[in-house]
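In our numbering, the protein residues as written are 22 to 198.
Ideal Cβ positions, reconstructed from N, Cα and C, are used throughout, including at glycine.
Just so it is clear, the structure is predicted and the values come from calculations on it, not from any experiment.
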Ligand SMILES: CC(=O)SCCNC(=O)CCNC(=O)[C@H](O)C(C)(C)COP(=O)(O)OP(=O)(O)OC[C@H]1O[C@@H](n2cnc3c(N)ncnc32)[C@H](O)[C@@H]1OP(=O)(O)O
């Protein structure tokens, strides 16, 4: 991999994307509202487009966390999935997603119905991580999101390290689970 300092940065706005979709009866759960998995698919699609655009090539979902469903989504809702790169590491990008919904045939303002944070890894033709351009936050909101993403990154790594340490110590004590 080349040194990241060689890769010019890209502003947040260069890859920010909105994916819009009208919910139909095919999207419902047994309660009659829209299935959470349908929303998660749209979230992954929008975030994947952003990660691909920012990194200039293929990118895969490494994790999805903090998927929050704030309000039920209904048949006939026009859903807008807004995604942007919040933060970049060496080969990974945190993409923040905000899910908005409005009635498809009414001019009332859209309300927020969900949010999520996903980590994508940019990969080469062999599926190995490759370096990504550093994201350049532009607005104060972008800068806040960058700082918050760094906090989430620190917590993800600390949680993973703590769990690995626990497993290693249990294995050393002879536990086989
Ligand atoms: C768009 C789609 O639908 S893709 C389909 C679903 N996704 C997939 O199939 C991906 C399957 N997973 C993989 O291919 C691999 O695990 C990869 C590419 C994500 C990571 O590969 P690894 O060999 O573990 O590479 P490595 O440990 O160097 O991680 C690469 C980067 O991803 C980050 N990363 C890896 N796993 C995770 C995770 N679970 N959560 C958050 N970040 C992660 C690392 O911190 C690292 O970031 P950095 O380079 O910015 O420091």
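Rounded separation between residue i and residue j - CA only
i	j	result
residue 74	residue 102	16 Å
residue 184	residue 191	11 Å
residue 104	residue 89	15 Å
Chain-order list of residues whose beta-carbon lies under 6 Å from that of residue i (same chain, five-residue window excluded)
i	result
residue 158	33, 164, 167
residue 70	38
Closest residue to residue i among the options (Cα-Cα distance)
i	options	result
residue 82	181, 196, 144, 186	144
residue 106	122, 76, 46, 56	76
residue 133	182, 161, 91, 113	91
Bridge partner(s) assigned by DSSP for residue i
i	result
residue 122	100, 132
residue 114	109, 141
residue 32	157
residue 43	99
residue 86	138
Contacts around residue i, its chain only, beta-carbon distance under 8 Å, and the 5 residues preceding and following it disregarded
i	result
residue 65	82, 85, 139
residue 42	63, 99, 100, 102
residue 30	154, 155, 156, 157
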